[in-house]
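Student: Just so you know, the sequences run in chain order R and G.
The opening position of the first sequence corresponds to residue 1 in the working numbering, with each subsequent residue numbered one higher.
The opening position of the second sequence corresponds to residue 1 in the working numbering, with each subsequent residue numbered one higher.
Before anything else, here's the structure in question.
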Amino acid sequence: MATLQIENLTKTFPSHSKGEEPVRAIQGISFEMSGQVFVSVVGPSGCGKSTLLNIVSGVDTPSSGTVAVTQDGKPAVLGYVFQDPRLLPWRTVMQNMLYVSDLPEDEGRENAKRYLEMVGLEGAEGMWPGQLSGGMQQRVGIARAFSVHPDLLLMDEPFSHLDAITARSLREELQTLWEATKKTVLFVTHDVAEAVQLSNRIITLAHGGTVFDDTAIDLPFPRRASDPEFAAQQAEILGRFETMEAERAEATG
Amino acid sequence: MSVASILDRPSIKRNPVGRALTSTWGARITFYVMFLVFWQLLAMNVARVPAPLETFEFIWTELTWGDHPGVRDGEWVEHLSVTFVRFSIGLALGVLAGVIVGIAVGSSRFMRSLLSDVLLVFLALPAIIWAFLTVMWFGLGWKAPVFTVMLSAAPFVAVNISHGVRAVSPELHRMSDAFGVPRNRRFRSLLMPAIAGYLFTGLRFAFIIGWNAVLLAEWFGAANGVGWRSRLWYDGARYEGFVGWVIIFITIIFLVDGLILTPLQNRAFRWRKSGAAGIELVEMDHAGFEEGRAVRGA
Chain R
1 MATLQIENLT KTFPSHSKGE EPVRAIQGIS FEMSGQVFVS VVGPSGCGKS
51 TLLNIVSGVD TPSSGTVAVT QDGKPAVLGY VFQDPRLLPW RTVMQNMLYV
101 SDLPEDEGRE NAKRYLEMVG LEGAEGMWPG QLSGGMQQRV GIARAFSVHP
151 DLLLMDEPFS HLDAITARSL REELQTLWEA TKKTVLFVTH DVAEAVQLSN
201 RIITLAHGGT VFDDTAIDLP FPRRASDPEF AAQQAEILGR FETMEAERAE
251 ATG
Chain G
1 MSVASILDRP SIKRNPVGRA LTSTWGARIT FYVMFLVFWQ LLAMNVARVP
51 APLETFEFIW TELTWGDHPG VRDGEWVEHL SVTFVRFSIG LALGVLAGVI
101 VGIAVGSSRF MRSLLSDVLL VFLALPAIIW AFLTVMWFGL GWKAPVFTVM
151 LSAAPFVAVN ISHGVRAVSP ELHRMSDAFG VPRNRRFRSL LMPAIAGYLF
201 TGLRFAFIIG WNAVLLAEWF GAANGVGWRS RLWYDGARYE GFVGWVIIFI
251 TIIFLVDGLI LTPLQNRAFR WRKSGAAGIE LVEMDHAGFE EGRAVRGA
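Spelled out as structure tokens, the structure:
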């Protein structure tokens, strides 16, 4: 079982010019998640969501605090879906899948095919990324992340660059894929509705990089935005955030 | 406007004669015709400029193993193949050295500080200096042309590659980091294709400069080859022979560029033929070309 433990994590970036305060992206975040859960981290832009994900993936290092990703006590395998597809434009879809694969050639192909089928891209193996629409490219990105059999799957606003209709159908596919594979997912988004639709649990960050709210979502899947409980859940999270912002504005005001 | 007349309009462009005259080929042919006229006029008015017809007659005799008056048989195959072997070895060594130095300079700040001035010096040195130096070092023979080609071509490859390495998308590097892609696979699938555009720009310059270099080196430091053959005619004050050989080696540049470099480039950029992802990189490649040209001018 994959476990992510974050304890008292802070990240400070040096200031751009002399005399300026260093930028505190994250100030003391702690939370833990494990098992077959889909956890979303939401918050306004600049609250440290992407920094958090970069540190968890090991691309960036924490200033202080600890981050541990383990799979039954051993270091875990990570998968990553980025905001943009980040495919190699000079490699075909299949070659892009094999680029991240550790399996022997034949097995890697079989495996890649399976995940491409799961995102509805059977037959596109030989195409160049430039021949695919943005939504299809992001599907390859999702298939690629699932294909490495990650213990923990990290997703950084993967639908934010897509049009609303494409994003909607990709969300549904992701939800199906997650139910089929039951991966441990850490999903970052600025869209509360998206978080409510996909997650078991939503962690809200406030400006300045602190955990403000941590809510479990117990609605059954698939969830519909037209469902009153869906709307209530969304309103509740946004409402708490607004109240907090208002109180803070009063305190500093 | 009737439907028929709308449908008619594209047919102007489909008319083969109309298209031929406005095509890039039409423009090229116009250039060659004007050039020939200019050459003919020049030859008629200036001493020691051979006429076009005289020159083409010479080329024909040379290429058909005919006897030139006063000089026995045209041994063009022998000279061309000797030159080609020297040129190919020199170019291969130059490209290899250029790629290694270019990757080092492009990926390490230390190497950049260490080598950027040296590279500039190498770029600024004309091939003729290398031709003299290598003849001085190695004497007459195959070494002078080979090393002249290598030393003249390498810096152009190196500079273009180093620009290419620095232009590789940091996003794709981070993606590769996140998935823990091994170094050798990253080199093959990320770095090399990303710098291919720069590599081809570098190769083109290296090819043209290397070809000039081999001719110069042979002119001064060999007893056979195309360069030597040109000099033979020049020294004999047989200018139609000299100009004839100039035309032969320019033709070779065109042939190799069209038959080898262009198809290779098209193969490497198959992925660009369709879609948005390619456009950005075509522009990047264009920037690389501009940079290469700026460097060439230095």
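Glycine included, each C-beta is placed from N, C-alpha and C at the ideal position.
Quantities reported herein were computed from a predicted structural model and do not represent experimental measurements.
Which bits of chain G does R:L186 rub up against, with CB to CB less than 7 Å?
Tutor: Near R:L186 there are no residues of chain G at all, since even the closest Cβ is about 13 Å away, more than 7 Å.
Student: Can you pull the chain G neighbours of R:F82, defined as C-beta to C-beta under 7 Å?
Tutor: Correct list: M175.
Student: What in chain R is Cβ-close to G:F220, meaning under 9 Å?
Tutor: Within 9 Å Cβ-Cβ: nothing; G:F220 doesn't reach chain R, min ~43 Å.
Student: Between which residues of its own chain and G:F138 is the CB-CB distance below 6 Å, once the five residues before and five after are set aside?
Tutor: Hits under 6 Å: A144.
Student: Using beta-carbon positions only, say whether R:A145 and R:L153 come within less than 7 Å of one another.
Tutor: Closer than 7 Å, so yes.
Student: For the pair the stretch 87-106 of chain G and the stretch 230-237 of chain G, tell me if three or more CB-CB distances fall below 8 Å.
Tutor: With a cut-off of 8 Å, the stretch 230-237 of chain G and the stretch 87-106 of chain G do not count as touching, because too few Cβ pairs lie within range.
Student: Would you mind giving the Cβ-Cβ distance between G:T262 and G:V214, rounded to the nearest angstrom? I have them listed as a contact below 8 Å.
Tutor: That belief does not hold up - the Cβ atoms of G:T262 and G:V214 are roughly 21 Å apart, past 8 Å.
Student: List, in order along the chain, the chain G residues whose C-beta lies closer than 8 Å to that of R:V148?
Tutor: Those within 8 Å of R:V148 in chain G are F179.
Student: Within a Cβ cutoff of 7 Å, which residues of the same chain sit near G:I161, ignoring the five residues on either side of it in sequence?
Tutor: Taken in chain order, the residues that qualify are G98, V99, G102, I103, G106, I195, Y198, L199, G202.
Student: Does the beta-carbon distance from R:Q95 to R:G209 come in below 7 Å?
Tutor: No, they are not a contact pair.
Student: In the DSSP output, which residue or residues are listed as bridge partners for G:Y198?
Tutor: Partner(s): none; G:Y198 has no beta bridge.
Student: Rounding to the nearest angstrom, what Cα-Cα distance links R:L174 and R:R139 in this structure?
Tutor: Cα to Cα, R:L174 sits roughly 9 Å from R:R139.
Student: Quick one, are the C-beta atoms of R:A2 and R:D151 less than 7 Å apart?
Tutor: The answer is yes: Cβ separation under 7 Å.
Student: My understanding is that R:V148 touches R:V56, with C-beta atoms under 8 Å, so please give their C-beta distance in whole angstroms.
Tutor: About 16 Å; that fails the 8 Å criterion.
Student: Since R:L116 and R:A143 should fall inside the 8 Å C-beta cutoff, what is the C-beta to C-beta distance between them, to a whole number of angstroms?
Tutor: The Cβ separation is near 5 Å, so the contact holds.
Student: In this structure, how does DSSP classify R:L238 when only helix, strand and coil are distinguished?
Tutor: Helix, per DSSP.
Student: How is the beta strand (DSSP E) around R:M155 delimited, first residue to last?
Tutor: Counting along the chain, the beta strand (DSSP E) containing R:M155 begins and ends at 152-156.
Student: In chain R, which residues lie less than 9 Å from G:P193 when you measure between Cβ atoms?
Tutor: Per Cβ cutoff of 9 Å: L88, P89, W90, R91.
Student: Closer than 7 Å, Cβ to any Cβ of chain G: which residues of the stretch 55-71 of chain R, in chain order?
Tutor: Those residues of the stretch 55-71 of chain R that come within reach of chain G (Cβ to Cβ, closer than 7 Å) are S57, V59.
Student: Which residue or residues does DSSP assign as beta-bridge partners of R:G79?
Tutor: For R:G79, which the question treats as bridged, DSSP gives the partners R:L153.
Student: Specify the secondary structure class of R:R86 as computed by DSSP and reduced to three states.
Tutor: Three-state DSSP puts R:R86 in coil, outside helix and strand.
Student: May I ask you to list the residues that DSSP assigns as paired with R:I26?
Tutor: R:I26 pairs with R:K11.
Student: Can you tell me whether G:G106 is helix, strand or coil according to DSSP?
Tutor: Note: G:G106 maps to helix in three-state DSSP.
Student: Among residues of its own chain, excluding the 5 on either side of G:F84, which ones have a beta-carbon nearer than 6 Å to its beta-carbon?
Tutor: So the list is empty, once near-sequence residues are dropped.
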